[in-house]
Amino acid sequence: MNNEIVIKTDKLTKKFGDFIAANELTFEIYRGEIFGFLGANGAGKTTAMKMLIGISKPSSGDANIAGFDVYKDTENIKRSIGYMSQKFSLYEDLTVKENITLFGGIYGLNDDEIETKCNELLEKLNLQNDANKLVGSLPLGWKQKLAFSTAIFHTPKIVFLDEPTGGVDPITRRQFWDMIYEAAHNGITVFVTTHYMDEAEYCDRVSIMVDGVIKALDSPAELKKQFNAKSMDDVFLMLARSAKRGD
Amino acid sequence: MNTIELKNIVKTYSAKKNKIAAVDDVSFSVKEGELFGLIGPDGAGKSSIFRILTTLLLADRGSASVMELDVVKDYKEIRKIVGYMPGRFSLYQDLTVEENLEFFATIFNTTIQANYNLIEDIYVQLEPFKNRRAGKLSGGMKQKLALSCALIHKPKVLFLDEPTTGVDPVSRTEFWEMLKRLKEQGISILVSTPYMDEAKLCDRIALIQNGKILEIDTPHNIVNRFANNLYAVRSENMYELLTDLRSFPKTKSCFAFGDKHHLVLNDDNFDLNELKTYLQNQTNLEIKKIEPGIEDCFMSLIAKSNTTPEKLPA
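Residue numbers (this note's numbering), protein chains in the order written: chain Y, 24 to 270; chain C, -5 to 308.
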């Protein structure tokens, strides 16, 4: 982790009519940082994330993602980031290799690059013999690991992960975090949401959103000190219990 | 009397040429008034077991009963006395909150008023939104409405398939408080969850992976059976520490657990100073012997069983 800022927002706001889904979000995230973006259901996380990845126009405020403006340069933003969520990750009806090739192509890699990197990836995941299997036939844990690898296939500056470990077994969940650590170690900034509070502890810094506002932002150790809490679970419950709205 | 009884239940699905055993010779029973948890990840077979018990799916082999009624022969009777909340939201999205509840009361030949006391403390939170369509509710509210609808005919047994998946920690805590109150009213509950921290809130649990039950007991007994000494280790640089601990020759397993790493060694009569010497490059090193949790037990059982989480279908 270093001091190069890759995400910078200033009073970033999204309104739907009178409803302020995300209210004046201001924060900076550094290169190679693992940033946990926490909040109860309905706190405004998804809305905020959509603005950051360039698919939802803010109502007001500014944000700069990987050097690009969220109002003007959304196409460049999309090229500089990777994204994966539990809900949508890969095409089940395509094979492992077809998925990798498809996403490589979308992100603008040429055929040679795709071929070389694809083989490297298959070897790393120990999936050489499964390259021609349909993704739909893989166990969930494998799908999630492959989805993550595909999301960082083009070495983006930032990867956005929306509840990436939901439903997977505890060992696979740790293996997934090993991959996150490795990506961060290689300079990719990781922006991650999760409902597992033990995973909040693995982040360099976390923010906790309540009713559209960022109520706390610091390292897990500092937050626990600040709220005089034993665990991040306690910190989260203290803040989120005050929430007035559902999603 | 056992409220729920499964004996050697097998359910296989055919996918192309492969046959996958979703439920592989599963037997367990739930006692009257018990809150029983089925704990395991996606694909473990939890939902198939729920669907067999609620008479929505036929097993290939084995037998199962609910309140001593057979799931095949007596399916009509069973349907009258159980409440079922499936994993996927399955209420009528185009009906309002109140209309959904009234609909479920009516098909069970009862009224909202008749059993209102059972759902009261859940439904009061929904009442301000009673004219809102179910499809427009928040995740937490949908979950409360689904539970109300599953309860409105005063079932003897409640089946809740992953009621808290994708739900934030605050709503999860509230939901488990509701379950405790329902249990106090004498309703037997079978609940499934992928969250290991919810296991300790159950009277008894079955840990399940790849269609097989790894262990059944009270959370307390399962934790007591954990065979090895367990250490919590932390230092300034947790990523480096994890790599170091894993390469330590006497390490059996090491996994990140929140702000600490949990370490199991091959040898229980081991001198900790040896480890401390090995880790001397770490700053602010802390090593503490700790009691295991359900998640530690589950991970050690997965590692022990042949059903590794990494197994790919042949």
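No residue lacks a Cβ here, since even glycine has one placed at the ideal position from N, Cα and C.
Can you give me the start and stop residues for the alpha helix (DSSP H) that residue i sits inside?
i, result
"residue 233 of chain C", "232 to 241"
"residue 54 of chain Y", "Unbroken run through residue 54 of chain Y: none, as it is neither H nor E."
"residue 91 of chain C", "91 to 101"
"residue 259 of chain Y", "255 to 263"
"residue 73 of chain C", "69 to 75"
"residue 74 of chain Y", "68 to 75"
"residue 134 of chain C", "133 to 145"
"residue 101 of chain Y", "97 to 103"
"residue 173 of chain Y", "163 to 174"
"residue 229 of chain C", "Careful: residue 229 of chain C lies outside any alpha helix (DSSP H) and carries neither H nor E."
"residue 183 of chain Y", "Residue 183 of chain Y -> not in any alpha helix (DSSP H); beta strand (DSSP E) instead, spanning 181 to 185."
"residue 244 of chain Y", "243 to 249"
"residue 264 of chain C", "It is not in any alpha helix (DSSP H) - residue 264 of chain C carries neither H nor E in the DSSP assignment."
Could you list which residues in chain C have their beta carbon closer than 7 Å to that of residue i, in chain order?
i, result
"residue 23 of chain Y", "As displayed, chain Y neither begins before 24 nor continues past 270, which places residue 23 of chain Y out of reach and without an answer."
"residue 220 of chain Y", "163"
"residue 192 of chain Y", "35, 203, 296, 303"
"residue 264 of chain Y", "164"
"residue 197 of chain Y", "249, 250"
"residue 224 of chain Y", "252, 253"
Kindly list, in the order they appear in chain Y, the residues whose Cβ is closer than 7 Å to that of residue i.
i, result
"residue 197 of chain C", "Going along chain Y, no residue has its Cβ under 7 Å from residue 197 of chain C, so there is no contact; the nearest lies around 22 Å."
"residue 22 of chain C", "Under the 7 Å cutoff, chain Y gives no residues; its nearest Cβ is about 20 Å from residue 22 of chain C."
"residue 261 of chain C", "Within 7 Å Cβ-Cβ: nothing; residue 261 of chain C doesn't reach chain Y, min ~22 Å."
"residue 289 of chain C", "193"
"residue 188 of chain C", "190"
"residue 292 of chain C", "193"
Run down chain Y in chain order and give the residues with a C-beta less than 8 Å from the C-beta of residue i.
i, result
"residue 233 of chain C", "204, 208"
With DSSP as the reference, label residue i as helix, strand or coil.
i, result
"residue 117 of chain Y", "coil"
"residue 140 of chain Y", "helix"
"residue 61 of chain C", "coil"
"residue 111 of chain C", "helix"
"residue 39 of chain Y", "strand"
"residue 110 of chain Y", "coil"
"residue 79 of chain C", "strand"
"residue 210 of chain Y", "coil"
"residue 46 of chain Y", "strand"
"residue 1 of chain C", "strand"
"residue 167 of chain C", "helix"
"residue 270 of chain Y", "Unreliable positioning characterises residue 270 of chain Y in this predicted model, as indicated by a pLDDT of 47, which lies under 50. The coordinate reading is nonetheless provided below. In the structure shown, residue 270 of chain Y sits in coil (DSSP, three-state: anything other than H, G, I, E or B)."
"residue 130 of chain C", "helix"
"residue 152 of chain Y", "helix"
"residue 214 of chain C", "helix"
"residue 191 of chain Y", "coil"
"residue 297 of chain C", "helix"
"residue 158 of chain Y", "helix"
"residue 277 of chain C", "coil"
"residue 254 of chain C", "strand"
"residue 88 of chain Y", "strand"
"residue 155 of chain C", "strand"
"residue 29 of chain C", "strand"
My understanding is that residue i touches residue j, with C-beta atoms under 8 Å, so please give their C-beta distance in whole angstroms.
i, j, result
"residue 75 of chain Y", "residue 57 of chain Y", "Contact flag wrong, Cβ pair sits at about 16 Å."
"residue 217 of chain C", "residue 285 of chain C", "7 Å"
"residue 89 of chain C", "residue 128 of chain C", "6 Å"
"residue 120 of chain Y", "residue 141 of chain Y", "6 Å"
"residue 297 of chain C", "residue 247 of chain C", "6 Å"
"residue 67 of chain Y", "residue 93 of chain Y", "With 8 Å as the limit, residue 67 of chain Y and residue 93 of chain Y do not qualify as a contact, their Cβ atoms being about 16 Å apart."
"residue 43 of chain C", "residue 52 of chain C", "Not confirmed; about 13 Å, so no contact."
"residue 281 of chain Y", "residue 163 of chain C", "Lying outside 24 to 270, the shown extent of chain Y, residue 281 of chain Y is not represented and no answer is given."
Cβ closer than 9 Å: which chain Y residues qualify as neighbours of residue i?
i, result
"residue 9 of chain C", "159, 160"
"residue 230 of chain C", "Within 9 Å Cβ-Cβ: nothing; residue 230 of chain C doesn't reach chain Y, min ~10 Å."
"residue 213 of chain C", "Here the premise fails: no neighbours, minimum Cβ distance about 15 Å."
Considering residue i, what are the terminal residues of the beta strand (DSSP E) in which it resides?
i, result
"residue 24 of chain C", "12 to 25"
"residue 283 of chain C", "280 to 284"
"residue 203 of chain C", "198 to 203"
"residue 245 of chain C", "245 to 251"
"residue 223 of chain Y", "It is not in any beta strand (DSSP E) - residue 223 of chain Y instead sits in the alpha helix (DSSP H) that spans 220 to 223."
"residue 187 of chain C", "182 to 187"
"residue 230 of chain Y", "228 to 233"
Can you list the residues of chain C that residue i reaches, using a CB-CB cut of under 8 Å?
i, result
"residue 94 of chain Y", "Under the 8 Å cutoff, chain C gives no residues; its nearest Cβ is about 30 Å from residue 94 of chain Y."
"residue 117 of chain Y", "Near residue 117 of chain Y there are no residues of chain C at all, since even the closest Cβ is about 15 Å away, more than 8 Å."
Given that residue i touches chain C, what residues does it touch there, using C-beta distances under 9 Å?
i, result
"residue 256 of chain Y", "163, 191, 252"
"residue 243 of chain Y", "252, 253"
Looking at chain D, is there any beta carbon in it that lies within less than 9 Å of the beta carbon of residue i?
i, result
"residue 163 of chain Y", "This model lacks chain D altogether; the protein chains it does include are Y and C."
Using 8 Å as the Cβ pair cut-off and three pairs as the minimum, do the region 197 to 207 of chain Y and the region 27 to 42 of chain Y touch? no
If you pair each beta-carbon of the region 137 to 154 of chain C with each one of the region 68 to 78 of chain C, do three or more pairs fall below 8 Å? yes
Would you check if the region 60 to 70 of chain Y and the region 247 to 267 of chain Y touch, i.e. whether three or more CB-CB distances between them fall below 8 Å? yes
Does the region 197 to 206 of chain C touch the region 26 to 34 of chain C, meaning 3 or more C-beta pairs lie closer than 8 Å? yes
Counting pairs of Cβ atoms below 8 Å between the region 7 to 25 of chain C and the region 95 to 108 of chain Y, do you hit three or more? Result no; under three Cβ-Cβ pairs closer than 8 Å.
Quick one: any contact between the region 40 to 53 of chain Y and the region 140 to 158 of chain Y, if contact means 3 or more CB pairs under 8 Å? no
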